[in-house]
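Colleague: In order, the protein sequence lines correspond to chains A and B.
Quick note: full-length UniProt numbering has the first sequence finishing at residue 216, numbered continuously throughout.
Quick note: full-length UniProt numbering has the second sequence finishing at residue 216, numbered continuously throughout.
A virtual CB, placed ideally from N, CA and C, is assigned to each residue, including glycine.
Protein chains: 2
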Amino acid sequence: MDKEKIDKKDHILDVAERVFSEVGFDGASTRMISGEAGVNMAMLNYYFGSKEGLFLAIFERRIATFKTLLVDINSDEHTTAWEKIEKYIEMYVERIFSNNCFQKMLYQELSMGKRGELTDNINKILMINVSEFFKIVQSGIDSGEFRKDVDVQMVTATMYGVKNYIMNTPYVSSVMFGFDIKDEEALNNIFKPRLKNFLKALLKPYLVIEHDHTNK
Amino acid sequence: MDKEKIDKKDHILDVAERVFSEVGFDGASTRMISGEAGVNMAMLNYYFGSKEGLFLAIFERRIATFKTLLVDINSDEHTTAWEKIEKYIEMYVERIFSNNCFQKMLYQELSMGKRGELTDNINKILMINVSEFFKIVQSGIDSGEFRKDVDVQMVTATMYGVKNYIMNTPYVSSVMFGFDIKDEEALNNIFKPRLKNFLKALLKPYLVIEHDHTNK
DNA sequence: CTGAATTAATCAATCGTTTGATTAATTTTG
DNA sequence: CAAAATTAATCAAACGATTGATTAATTCAG
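#1: Quick check: residue 112 of chain A and residue 184 of chain B, are their CB atoms within less than 9 Å of each other?
#2: Residue 24 of chain B to residue 101 of chain B, Cα distance in whole Å?
#3: Which runs of the beta strand (DSSP E) fall wholly inside the segment 79-164 of chain B and span at least 3 residues, in chain order?
#4: Tell me where the alpha helix (DSSP H) around residue 203 of chain A begins and ends.
#5: Any chance you could list the beta strand (DSSP E) runs of at least 3 consecutive residues sitting entirely within the segment 20-82 of chain B, in chain order?
#6: Could you give the distance in angstroms between the alpha-carbon of residue 73 of chain A and the alpha-carbon of residue 107 of chain A?
#7: Given that residue 157 of chain B touches chain A, what residues does it touch there, using C-beta distances under 8 Å?
#8: Just how far apart, CA to CA, sit residue 179 of chain B and residue 166 of chain B?
#9: If you drop the 5 nearest sequence neighbours on each side, which residues of the same chain put their C-beta closer than 8 Å to that of residue 190 of chain A?
#10: Just curious, the alpha helix (DSSP H) that residue 177 of chain A is in, first and last residue?
#11: Look up residue 181 of chain A in the DSSP assignment and say whether it is helix, strand or coil.
#12: Interface residues of chain A around residue 153 of chain B at Cβ under 7 Å?
#13: In chain order, what residues of the same chain lie with their CB nearer than 7 Å to the CB of residue 11 of chain B, ignoring the 5 residues before and after it?
#14: Determine the closest residue to residue 66 of chain B out of B/92, B/80, B/86, with distance taken between C-alpha atoms.
#15: Under 9 Å, Cβ to Cβ, is there at least one residue of chain A near residue 123 of chain B?
#16: Whose C-alpha, out of B/134, B/13, B/181, is nearest the C-alpha of residue 59 of chain B?
#17: Compare the C-beta of residue 217 of chain B with all C-beta atoms of chain A and state if any pair is closer than 9 Å.
#18: Just to make sure I have the definition right: I need the residues of chain B whose C-beta is within less than 8 Å of the C-beta of residue 169 of chain A. Which are they?
#19: I want to see whether chain B comes within less than 9 Å of residue 206 of chain A, judged by CB atoms only; does it?
#20: For residue 52 of chain B and chain A, any beta-carbon pair shorter than 9 Å?
#21: So if I threshold CB-CB distances at 9 Å, which residues from the segment 183-209 of chain A count as touching chain B?
#22: Would you decide whether residue 1 of chain A is buried or exposed? Buried here means 16 or more other CB atoms lie within 10 Å of its CB.
#23: Are residue 208 of chain A and residue 115 of chain A touching if we call contact CB-CB under 9 Å?
#24: According to DSSP, is residue 211 of chain B helix, strand or coil?
#25: Please confirm if residue 115 of chain A has its CB atom under 9 Å from at least one CB of chain B.
#26: Which same chain residues, not among the five before or five after residue 168 of chain B, have their C-beta less than 7 Å away from its C-beta?
#27: So that I know if they touch, is there some Cβ in chain A lying closer than 9 Å to that of residue 180 of chain B?
#28: I think residue 80 of chain A touches residue 145 of chain A, with their Cβ atoms under 8 Å apart; what is that distance to the nearest whole Å?
#29: If I measure Cβ to Cβ from residue 39 of chain A and keep anything under 6 Å in the same chain, skipping five residues before and after, which residues do I get?
#30: When you compare only the Cα positions, how much space is there between residue 29 of chain B and residue 205 of chain A?
#31: So is residue 126 of chain A in contact with chain B if we call contact Cβ pairs under 9 Å?
#32: With distances taken from CA atoms, which of A/126, A/35, A/109 is nearest residue 15 of chain A?
#33: Use the C-beta contact count for residue 33 of chain B: other C-beta atoms within 10 angstroms, 16 or more gives buried, fewer gives exposed.
#34: Between the C-alpha atoms of residue 96 of chain A and residue 84 of chain B, what's the straight-line distance to the nearest angstrom?
#35: Using only CA atoms, which one of B/53, B/20, B/124, B/176 lies nearest to residue 173 of chain A?
#36: If residue 99 of chain A sits next to residue 62 of chain A, beta carbons under 8 Å apart, how far is it from one beta carbon to the other, in whole angstroms?
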């Protein structure tokens, strides 16, 4: 059956994604991946051509879902720039927690010096997201809602950087935060809302020009 | 001469540090390292015992200078908590730009799942720095200078995360910021002050309880 | 001369990949 | 439908290449 075949390929991709995210591309051997996936070693080459082909296939699968997620927050004219930022934070945090391993893989790939077709493609896609965020901030600046001297690039790096730091240094973060960062339940129930709240509380006073509220 | 020998060992460490930071531990072969360092392959084992020994030696060399840099900002009683934060930011940003390759190596190691003696030692040292920062923030909270609902852990992750994201994704950052992030001159002259200013501008309104300043 | 430094040659182990054979599934043919 | 032909999936075994490491011989320094 076709369904069986797709399921098996998908299973291999799942396992490989996790292994790659744990030990890196060079650290993961084809024997290790095939072993953990419970398939014969030759199947990797049979399905994906090569180890690198398998690596690329993981990205292709994820990237396919990437583009569709980019709903244009900017479309709604009746929301303030800050409300759009809040919406973006919500979306962003939700997304990164849904495909943890891939995020780690992605970041590892980006931090490597080698550049090729894959890296270029990834960068293009990431840039679409980044520029979308840029536009929101810029519109806030133009409308006078945000400060004029906001460092747009740095704000973006902040959003992505905080999350990457926490998720990609699991042991440090676990000690720092006092609970196991690998525990998915704790992540979703405690950490996700905490990250959202923090990003909002951090960025709001930096971005938004405060109005006179009557207290004090 | 001893001096000669130390120089050569140091040279190997320099090269290995760069290579490891570029292609990772598994991606770097001993032949690659020895070749770029211009020494015979066997010298690596002669000096450092093994590839892993070389890796550890890089950390030992850096860590030796780590501890001394931890001057206690907390000592001065006459500075406000925010001024201590500013001083910490200054120190931190200066430091990370002085040993770029190692910072990348360090982060790669931390993001790997495997844990051993090295990782534990690194974590201990990092935690000393982190807890120092914690103390500053906490003292600010206790004195009423900072908000009571400040998320101390998240603030710390922000400081480290922004820098890591920018420096460890050189291509993305270069496109985002519009200049080559690998160019050391541009980094020092333009980027370093920009990062310092941003971190201060970002954290101040989040941490510090604003007083009535007379304007508007 | 003696011990340390350096080299080329070599080692077993592991790497990613390929092979030829076998089984299972599908299509074609009469 | 049933037998034959074809294709797809799976496997154990082996390939050449590269890995980190070691050896033994040679050079160098004091």
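Modeller: Taking the structure as given:
#1: As a working note, residue 112 of chain A is residue 112 in the first sequence. As a working note, residue 184 of chain B is residue 184 in the second sequence. No.
#2: In the second sequence, residue 24 of chain B corresponds to position 24, counting from 1. In the second sequence, residue 101 of chain B corresponds to position 101, counting from 1. The straight-line gap from Cα to Cα measures roughly 11 Å.
#3: Complete beta strand (DSSP E) runs here, min 3: none at all.
#4: Along the first sequence, read from residue 1 onward, the residue named residue 203 of chain A stands at position 203. Annotation: the continuous alpha helix (DSSP H) that includes residue 203 of chain A extends over 192-207.
#5: Those beta strand (DSSP E) runs which fall completely within the segment 20-82 of chain B and span 3+ residues do not exist here.
#6: Reading the first sequence from its first residue, position 73 is the one you call residue 73 of chain A. Reading the first sequence from its first residue, position 107 is the one you call residue 107 of chain A. C-alpha separation (whole angstroms): 25 Å.
#7: If you number the second sequence from 1, residue 157 of chain B lands on position 157. Correct list: 162, 165, 166, 173, 176.
#8: Here residue 179 of chain B refers to the residue found at position 179 of the second sequence. Here residue 166 of chain B refers to the residue found at position 166 of the second sequence. The alpha-carbon atoms of residue 179 of chain B and residue 166 of chain B are separated by roughly 12 Å.
#9: By 1-based counting over the first sequence, the position of residue 190 of chain A is 190. Excluding residues within five positions, the ones whose Cβ falls inside 8 Å are 179.
#10: Within the first sequence, the letter at position 177 stands for residue 177 of chain A. Its alpha helix (DSSP H) spans residues 170-177.
#11: Position 181 of the first sequence, counting from 1, holds the residue named residue 181 of chain A. In the structure shown, residue 181 of chain A sits in coil (DSSP, three-state: anything other than H, G, I, E or B).
#12: As a first step, residue 153 of chain B must be located in the second sequence, where it is residue number 153. Within 7 Å Cβ-Cβ: 176, 177.
#13: The residue labelled residue 11 of chain B in the question sits at position 11 within the second sequence. For residue 11 of chain B, where only same-chain residues beyond five positions count, the Cβ hits under 7 Å are 37.
#14: Numbered from its first residue, the second sequence carries residue 66 of chain B at position 66. Out of B/92, B/80, B/86, B/92 has the C-alpha closest to the C-alpha of residue 66 of chain B.
#15: Here the question's residue 123 of chain B lines up with position 123 in the second sequence. Cβ-Cβ to chain A under 9 Å: yes for residue 123 of chain B.
#16: For the purposes of this step, residue 59 of chain B is taken as residue 59 along the second sequence, with counting starting at 1. Comparing Cα positions, the closest option is B/13.
#17: Summary: the structure shown does not reach residue 217 of chain B, with chain B confined to residues 1 through 216, and so no result is reported for it.
#18: Locating residue 169 of chain A in the first sequence gives position 169, where the first residue counts as 1. Those within 8 Å of residue 169 of chain A in chain B are 107, 110, 111.
#19: Translated into the one-based positions of the first sequence, residue 206 of chain A becomes position 206. By this cut-off, residue 206 of chain A is an interface position.
#20: Position 52 of the second sequence holds residue 52 of chain B. Judged by the 9 Å Cβ criterion, residue 52 of chain B is not in contact with chain A.
#21: 194, 195, 197, 198, 199, 201, 202, 203, 204, 205, 206
#22: Numbered from its first residue, the first sequence carries residue 1 of chain A at position 1. Residue confidence for residue 1 of chain A is low, a pLDDT of 34 falling below 50, so the modelled location carries little weight and cannot support an answer.
#23: Looking up residue 208 of chain A in the first sequence gives position 208. Looking up residue 115 of chain A in the first sequence gives position 115. In this structure, residue 115 of chain A does not lie closer than 9 Å to residue 208 of chain A by Cβ.
#24: Numbered from its first residue, the second sequence carries residue 211 of chain B at position 211. Coil at residue 211 of chain B, not helix or strand.
#25: Working through the first sequence from its first residue, we reach residue 115 of chain A at position 115. So yes, residue 115 of chain A belongs to the interface.
#26: For the purposes of this step, residue 168 of chain B is identified with residue 168 of the second sequence, where counting begins at 1. Once the five neighbours on either side are set aside, the close Cβ partners of residue 168 of chain B are 104, 107.
#27: Against the second sequence, residue 180 of chain B aligns to sequence position 180. At least 9 Å separates the CB of residue 180 of chain B from every CB of chain A.
#28: The residue labelled residue 80 of chain A in the question sits at position 80 within the first sequence. The residue labelled residue 145 of chain A in the question sits at position 145 within the first sequence. Contact annotation, residue 80 of chain A with residue 145 of chain A: C-beta distance approximately 6 Å; criterion of less than 8 Å satisfied.
#29: Here residue 39 of chain A is taken as the residue at index 39 of the first sequence, counted from 1. Leaving aside the five residues that flank residue 39 of chain A on each side, none in its chain has a CB nearer than 6 Å to its CB.
#30: Along the second sequence, one-based indexing puts residue 29 of chain B at 29. Along the first sequence, one-based indexing puts residue 205 of chain A at 205. Cα-Cα distance, rounded: 49 Å.
#31: For the purposes of this step, residue 126 of chain A is taken as the residue at position 126 of the first sequence. Yes, its Cβ sits closer than 9 Å to a Cβ of chain B.
#32: For the purposes of this step, residue 15 of chain A is taken as residue 15 along the first sequence, with counting starting at 1. The option with the nearest alpha carbon to residue 15 of chain A is A/35.
#33: Locating residue 33 of chain B in the second sequence gives position 33, counting from the first residue. Buried, because 16 or more other Cβ atoms sit within 10 Å of the Cβ of residue 33 of chain B.
#34: Numbered from its first residue, the first sequence carries residue 96 of chain A at position 96. Numbered from its first residue, the second sequence carries residue 84 of chain B at position 84. Whole-angstrom Cα-Cα distance: 34 Å.
#35: Taking the first sequence and counting its residues from 1, one reaches residue 173 of chain A at position 173. Comparing Cα positions, the closest option is B/124.
#36: By one-based count along the first sequence, residue 99 of chain A stands at place 99. By one-based count along the first sequence, residue 62 of chain A stands at place 62. Confirmed, Cβ separation roughly 7 Å.
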